Amino acid sequence: MLKPADLAAIRAIITRAKRWDLFFSLLGILSLMVGVLTFTVLFVDMAIQGVPRLSMDFFTSFPSRRAEHAGILSAWVGTVLVMLVTALSAVPLGVAAGVYLEEYAPKNWITDIIEINISNLAGIPSIVYGLLALGLFVYYFGFGQSVLSAGLTLALLILPVIIVATREAIRAIPQSIHEGSYACGATTWQTVSDHILPYSSAGILTGVIIGMARAIGETAPIITIGALTFIAFLPTAPFSGDPPAGLFDWIFAPFTVMPIQMFNWTSRPEAAFSINAAAAGFVLVFMTLAMNGLAIYVRYRLRKNIKW
Amino acid sequence: MTASATLSSQPRPLGSGISDRLSKKASRHVKERIIEGLLFSAAAFSVFVTIAIVYVLVKESWVFFETVPLSDFLFDTQWTPLFDDAHYGIMVLLSGTLTSSAVALLVAIPLGTIIAIYLSEFAGFKVREIAKPFLELLGGVPTIVYGYFALTFLTPILQKIYPDLPGFNLLSAGLVMGIMIIPYVASLSEDAMRAVPMALREGSYAMGATRLQTALWVVTPAATSGIASAYILGISRAVGETMILAVAAGMQPNLTFNPTEPGATITSYIVQVALGDLPHGSIGYQTIFAAGLTLLLMTLAFNLLGYWLRKRFREVY
Amino acid sequence: MQIQTGLEAGVEGALLKADVRDLDFYYGAFHALKRVSMPIYDHRVTALIGPSGCGKSTLLRCFNRMHDLYPGNRYAGGGIVLYPDDTNLLAPGVDPIEVRMRISMVFQKPNPFPKSIYENVAYSLRVRGMSNKNELDDRVESALKGAALWNEVSNRLKELGANLSGGQQQRLCIARALASDPEIILFDEPTSALDPIATASIEELITELKEKVTILIVTHNMQQAARISDFTGYMYLGEMVEFGVTDQIFIKPQKKATEDYITGRFG
Chain A
715 MLKPADLAAI RAIITRAKRW DLFFSLLGIL SLMVGVLTFT VLFVDMAIQG VPRLSMDFFT
775 SFPSRRAEHA GILSAWVGTV LVMLVTALSA VPLGVAAGVY LEEYAPKNWI TDIIEINISN
835 LAGIPSIVYG LLALGLFVYY FGFGQSVLSA GLTLALLILP VIIVATREAI RAIPQSIHEG
895 SYACGATTWQ TVSDHILPYS SAGILTGVII GMARAIGETA PIITIGALTF IAFLPTAPFS
955 GDPPAGLFDW IFAPFTVMPI QMFNWTSRPE AAFSINAAAA GFVLVFMTLA MNGLAIYVRY
1015 RLRKNIKW
Chain B
119 MTASATLSSQ PRPLGSGISD RLSKKASRHV KERIIEGLLF SAAAFSVFVT IAIVYVLVKE
179 SWVFFETVPL SDFLFDTQWT PLFDDAHYGI MVLLSGTLTS SAVALLVAIP LGTIIAIYLS
239 EFAGFKVREI AKPFLELLGG VPTIVYGYFA LTFLTPILQK IYPDLPGFNL LSAGLVMGIM
299 IIPYVASLSE DAMRAVPMAL REGSYAMGAT RLQTALWVVT PAATSGIASA YILGISRAVG
359 ETMILAVAAG MQPNLTFNPT EPGATITSYI VQVALGDLPH GSIGYQTIFA AGLTLLLMTL
419 AFNLLGYWLR KRFREVY
Chain C
501 MQIQTGLEAG VEGALLKADV RDLDFYYGAF HALKRVSMPI YDHRVTALIG PSGCGKSTLL
561 RCFNRMHDLY PGNRYAGGGI VLYPDDTNLL APGVDPIEVR MRISMVFQKP NPFPKSIYEN
621 VAYSLRVRGM SNKNELDDRV ESALKGAALW NEVSNRLKEL GANLSGGQQQ RLCIARALAS
681 DPEIILFDEP TSALDPIATA SIEELITELK EKVTILIVTH NMQQAARISD FTGYMYLGEM
741 VEFGVTDQIF IKPQKKATED YITGRFG
């Protein structure tokens, strides 16, 4: 039978235990704040340093020996071109691989190897991809230190991201949709192209954007393939110049990209270049944040709108 | 019209209809096989990438090890491949990698785990919905930007605390790298904890346990293997991180385990060489492949360990 | 007001342990319990029966405030008074943890923690801050004996609880609930995941346990309620249709609805 003393003892135990609960809650919020604060400080510090430097000239000038005349024209154009190559090669390949693994792959050792291999690829440091590209694209295939080499390198790097996103998006489609399609007499490919791909496209898009946001900021593999850090010209546009350039000549052009431009300025001792680095960094972070934000938004809309 | 009328009508003629459909079926079959083949090649391509990585690294390192004995590579205490008196002791670069990774993990593992437990067991729905995307953003910041932050913001602050701290040091780079890795550790650990079935939590709460007791004594042990693979991912991120170190830690090879000194890591050495003008096939060129192979073997070992942990301790609820 | 069947005879010599009074409960907007009232007698087995969705598990989970774990659940009126101290378990000032320390629970599916057999039982003691090895050993042993599991596991206390058979796991969960000497143990369909032999042993155990503790059990199996309980409440659509002495409820129910359910004409 319960004695009042027991109840008092229980309450004392609970009070003590709850104090630890409160302590941990505070610790949790504090830890989250470390992340939030670091990010805020990083962003604000860079904005204070760099934003005053952001003028139209900054976007339309080539890098220069004189910090106040230097700009990011070749860098952002290079980034756009490299991303174009990356997207055009990684998206079809990644989506196709994801579709195969979810809709076609039989349960056997080959599939097992492919799956283990993909999760392994996701864990390989980006600089190792740079070494692969240096040996394979730059020298073996002879693409040189070009937009093509860089784009393909980043494509390999984000391939696992796109494959995994595709698989997750497909897995979110209920089995009943598959069965419904097959019950109408559709083949596997008809099921995939008429149902699976359209219904999973928003999820795949999220993954593609996140992958591209990662690729935009990647520096190490591109430095490794030997991208030049000082580029004061743009790749020739198709059909311009003399003799006129071909449609795809630009993919073999030397280039630089945003993060390399920033790295170059960061490693200069003069303070004026450090300000340029901050300005370039601000643009870079803004680009990745915008892309990540877009991905989060797409996913949020997707979760809200889809009802199976 | 009545049902009997339909039934009594003439049977539809066989013939052209069926054979038509059959031939369509055959062409459909061929098309399906071709598509399946294409999709399979896309999936198999990833295996080709792995083979290519191993092939390129091994091939170039092979040439390197024909000149430099493996024992020198492993046991020499100097790394001066570009000097006249060349030494190739990878230990020097490894010490930088291990020191900076240790600093990073001392930040990322405790903070990441606390955040994971907090988000999974304490925070309300709203907090989680805001915090998780925010963590993703934190993980999406380009590492060159983190490097800039370490060099131009954190190091000057640390120098106010330790006036002797050099402008390039492993400490500042390691700390910022730790913050970069927090989202990976936190997000994966949280996923593992959320996968623990509610029945176990109910069992614990029904015994009168508090949130913290349930989190530490029931949920965390039940999610061990998932949390361990989150840690392993964190470790391989730290070991493979390049730009933060290349920018903020200096690139002088330095055999040290003291984080307040500058130092080169395997990754920052590769960047340093790639920035210079090294002829294809020179010994300097080959050193970066030997260094890369070392890095690949390390991360491969971590990946395998993670894979094994997941298989071995797969949670059966 | 609900019908109370044969209580005068049944309650002789029994003390009131808890009293459910006009309890209303909502899952979000869904009115899951409607002015439910029911007495719980000390050292007796009380069973709740009724078709699925009738609110019997919902009522059970009010007793240890399990509903507090999820947002959107609401105790909207009435209460559960626990004797002898006259505490309303659902009062906002009462800590759910305190309630759960006094009222323990055994779940539908055995849910041993991913820990050793010993640590599973010791858990409810450790939660209370007990850490003395000898005391823990003694309490774990007596709880396992109380749950009729000691003979089977005494030499393998370090093994994982999950290695036991389903029936043993459920007895382990009973030992876990017993170890802290609770005033009431709640059983939520404890045998629905078990085979007939394991079910029989759990039923036997429950009848023995009422020497030590008051028992409230939800069961979907009417024969089980008839075999092991002293009192039975029949619920339907969130209402307590009839409550009374088990024998009376099964032999001479006062309400047509109860009779239909018990004779299998409905449900």
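Protein chains in written order, with the working numbering: chain A, 715 to 1022; chain B, 119 to 435; chain C, 501 to 767. For every residue, glycine included, the Cβ atom is placed at its ideal position computed from N, Cα and C. Just so it is clear, the structure is predicted and the values come from calculations on it, not from any experiment.
The segment 552–566 of chain C: which residues have C-beta closer than 7 Å to a C-beta of chain D, in chain order?
Chain labels in this structure do not include chain D; the protein chains are A, B and C.
Check Asn588(C) in the structure and name its three-state DSSP category.
The sequence position of residue 588(C) within the third sequence is 88, counting from 1. Reduced to three states, the DSSP call for Asn588(C) is strand.
What whole-angstrom Cβ distance do Ile685(C) and Met605(C) have, given they're in contact under 8 Å?
Residue numbering aside, residue 685(C) sits at position 185 when the third sequence is read from its first letter. Residue numbering aside, residue 605(C) sits at position 105 when the third sequence is read from its first letter. Correct: roughly 7 Å between the Cβ atoms.
Within this structure, are the beta carbons of Lys755(C) and Val741(C) separated by less than 9 Å?
Position 255 of the third sequence holds residue 755(C). Position 241 of the third sequence holds residue 741(C). Contact flag set, yes.
How many angstroms separate the CA atom of Ile300(B) from the CA atom of Leu846(A)?
Within the second sequence, residue 300(B) is the residue found at index 182, counting from 1. Within the first sequence, residue 846(A) is the residue found at index 132, counting from 1. Ile300(B) and Leu846(A): Cα-Cα distance of roughly 28 Å.
Roughly how many angstroms lie between the CA atoms of Leu192(B) and Val791(A), to the nearest whole one?
Here residue 192(B) refers to the residue found at position 74 of the second sequence. Here residue 791(A) refers to the residue found at position 77 of the first sequence. Taking the straight line joining both Cα atoms gives about 44 Å.
Could you check whether the Cβ of Arg246(B) sits closer than 9 Å to any Cβ belonging to chain C?
By one-based count along the second sequence, residue 246(B) stands at place 128. So no, Arg246(B) is outside the interface.
Starting from the beta carbon of Gly344(B), find every residue of chain C whose beta carbon is closer than 7 Å, and list them in chain order.
Your numbering for residue 344(B) matches position 226 in the second sequence. Chain C residues near Gly344(B): none, gap ~13 Å exceeds 7 Å.
What does the alpha-carbon distance come out to for the pair Met295(B) and Ile353(B)?
By 1-based counting over the second sequence, the position of residue 295(B) is 177. By 1-based counting over the second sequence, the position of residue 353(B) is 235. Each residue's Cα considered, the two are about 11 Å apart.
Give the straight-line distance between the Cα atoms of Trp964(A) and Ala781(A), rounded to the nearest whole angstrom.
As a working mapping, residue 964(A) is identified with position 250 in the first sequence. As a working mapping, residue 781(A) is identified with position 67 in the first sequence. In a straight line, the C-alpha of Trp964(A) is about 28 Å away from that of Ala781(A).
State the Cα-Cα distance for the pair Asp908(A) and Pro888(A), rounded to the nearest angstrom.
The residue given as residue 908(A) occupies position 194 in the first sequence. The residue given as residue 888(A) occupies position 174 in the first sequence. Computed Cα separation, rounded: 15 Å.
Looking only at its own chain, which residues have a Cβ that is under 7 Å from the Cβ of Arg355(B), when we skip the five neighbours before and after it?
Numbered from 1 along the second sequence, position 237 holds the residue referred to as residue 355(B). Contacts found: Ile299 and Tyr302.
With DSSP as the reference, label Arg780(A) as helix, strand or coil.
Working through the first sequence from its first residue, we reach residue 780(A) at position 66. The answer is coil: DSSP assigns Arg780(A) none of H, G, I, E or B.
Against Ile727(A), what residues of chain C qualify as contacts under a CB-to-CB distance less than 7 Å, listed in chain order?
Counting from one through the first sequence, the residue named residue 727(A) turns up at place 13. By Cβ distance, chain C contributes Arg628 and Gly629.
Cβ atoms of Thr215(B) and Ile384(B): under 9 Å apart, would you say?
Stepping through the second sequence from its first residue, residue 384(B) is reached at position 266. Stepping through the second sequence from its first residue, residue 215(B) is reached at position 97. Yes; because the gap between Cβ atoms is below 9 Å, this pair is in contact.
Helix, strand or coil, according to DSSP, for Arg765(C) in the structure here?
Walking along the third sequence from the start, residue 765(C) turns up at place 265. Coil at Arg765(C), not helix or strand.
Does Leu657(C) have its Cβ less than 9 Å from a Cβ in chain B?
The residue you call residue 657(C) lines up with position 157 of the third sequence. For Leu657(C), the answer is no, since every Cβ of chain B falls outside 9 Å of its Cβ.
Using beta-carbon positions only, say whether Val389(B) and Ala367(B) come within less than 9 Å of one another.
One-based indexing of the second sequence puts residue 389(B) at position 271. One-based indexing of the second sequence puts residue 367(B) at position 249. No.
On the three-state DSSP scale, how would you describe Met735(C)?
What you label residue 735(C) is simply residue 235 of the third sequence in a count that begins at 1. The answer is strand: DSSP assigns Met735(C) an E or B state.
Going along chain B, which residues have a C-beta under 8 Å from Ile828(A)?
Here residue 828(A) corresponds to residue number 114 of the first sequence, with the count starting at 1. Think of a sphere of 8 Å around the beta carbon of Ile828(A): the chain B residues whose beta carbon falls inside it are Ala161, Ala162, Ser164 and Val165, in chain order.
Quickly, what does DSSP pair Met605(C) with across the bridge? List them, please.
Residue mapping note: residue 605(C) aligns to position 105 of the third sequence, counting from 1. Paired residue(s): Leu686(C).
Below 9 Å on C-beta distance, what does Leu721(A) contact in chain C?
Residue numbering aside, residue 721(A) sits at position 7 when the first sequence is read from its first letter. Asp585, Thr587, Glu598 and Arg602, listed in chain order.
Can you grab the Cα-Cα spacing for the pair Glu635(C) / Arg671(C), in whole Å?
For this step, residue 635(C) is matched to residue 135 along the third sequence. For this step, residue 671(C) is matched to residue 171 along the third sequence. Cα to Cα, the separation comes out at about 21 Å.
Judging by CA-CA distance, which residue of Ala409(B), Glu359(B) and Ser189(B) is the nearest neighbour of Thr261(B)?
Position 143 of the second sequence holds residue 261(B). Closest option to Thr261(B), Cα to Cα, is Glu359(B).
Check whether the Cβ of Tyr323(B) lies closer than 9 Å to any Cβ atom in chain C.
Numbered from its first residue, the second sequence carries residue 323(B) at position 205. Chain C, which has a Cβ nearer than 9 Å to the Cβ of Tyr323(B), makes this yes.
Would you please verify whether the beta carbon of Arg428(B) is less than 9 Å from any beta carbon of chain C?
Here residue 428(B) is taken as the residue at index 310 of the second sequence, counted from 1. No, Arg428(B) lies away from the interface with chain C (no Cβ there is under 9 Å from its Cβ).
Quick one: is Phe201(B) buried, meaning 16 or more other Cβ sit within 10 Å of its Cβ, or exposed?
For this step, residue 201(B) is matched to residue 83 along the second sequence. Flag for Phe201(B) reads exposed.
Strictly below 7 Å CB to CB, what residues from chain A border Glu150(B)?
Here residue 150(B) refers to the residue found at position 32 when the second sequence is read from its first residue. The answer, in chain order, is Thr901, Thr902 and Trp903.
Could you give the residue range of the beta strand (DSSP E) that holds Ser537(C)?
As a position in the third sequence, residue 537(C) is number 37, starting the count at 1. Segment Phe530 to Tyr541, the beta strand (DSSP E) holding Ser537(C).
To which residues of the same chain is Thr332(B) closer than 8 Å at the C-beta, ignoring the five residues directly before and after it?
Sequence index remark: in the second sequence, residue 332(B) carries index 214 (1-based). Within the same chain, Thr332(B) has close Cβ partners Glu239, Arg319, Ser322 and Tyr323.
Applying the criterion that 16 or more other CB atoms from any shown protein chain within 10 Å of the CB defines a buried residue, is Asp826(A) buried or exposed?
Residue numbering aside, residue 826(A) sits at position 112 when the first sequence is read from its first letter. So Asp826(A) ends up on the exposed side.
Quick one: using the 10 Å Cβ neighbour count with 16 as the cut-off for buried, is Pro983(A) buried or exposed?
Translated into the one-based positions of the first sequence, residue 983(A) becomes position 269. Using a 10 angstroms sphere on the CB of Pro983(A), the tally of other CB atoms stays under 16, which defines it as exposed.
If I follow the unbroken alpha helix (DSSP H) through Arg727(C), where does it start and stop?
Position 227 of the third sequence holds residue 727(C). Where Arg727(C) is concerned, the enclosing alpha helix (DSSP H) stretches over Met722 to Ile728.
If you drop the 5 nearest sequence neighbours on each side, which residues of the same chain put their C-beta closer than 8 Å to that of Ile841(A)?
As a first step, residue 841(A) must be located in the first sequence, where it is residue number 127. Around Ile841(A): Ala934, Pro935 and Thr938.
What's the gap between the Cα of Pro315(B) and the Cα of Glu683(C)?
Counting from 1 along the second sequence, the entry for residue 315(B) is found at position 197. Counting from 1 along the third sequence, the entry for residue 683(C) is found at position 183. For Pro315(B) and Glu683(C), the distance between alpha carbons rounds to 28 Å.
Determine which residues share a DSSP beta bridge with Arg769(C) and list them.
With chain C represented from 501 up to 767, any question about residue 769(C) goes unanswered, as that position is not in the structure.
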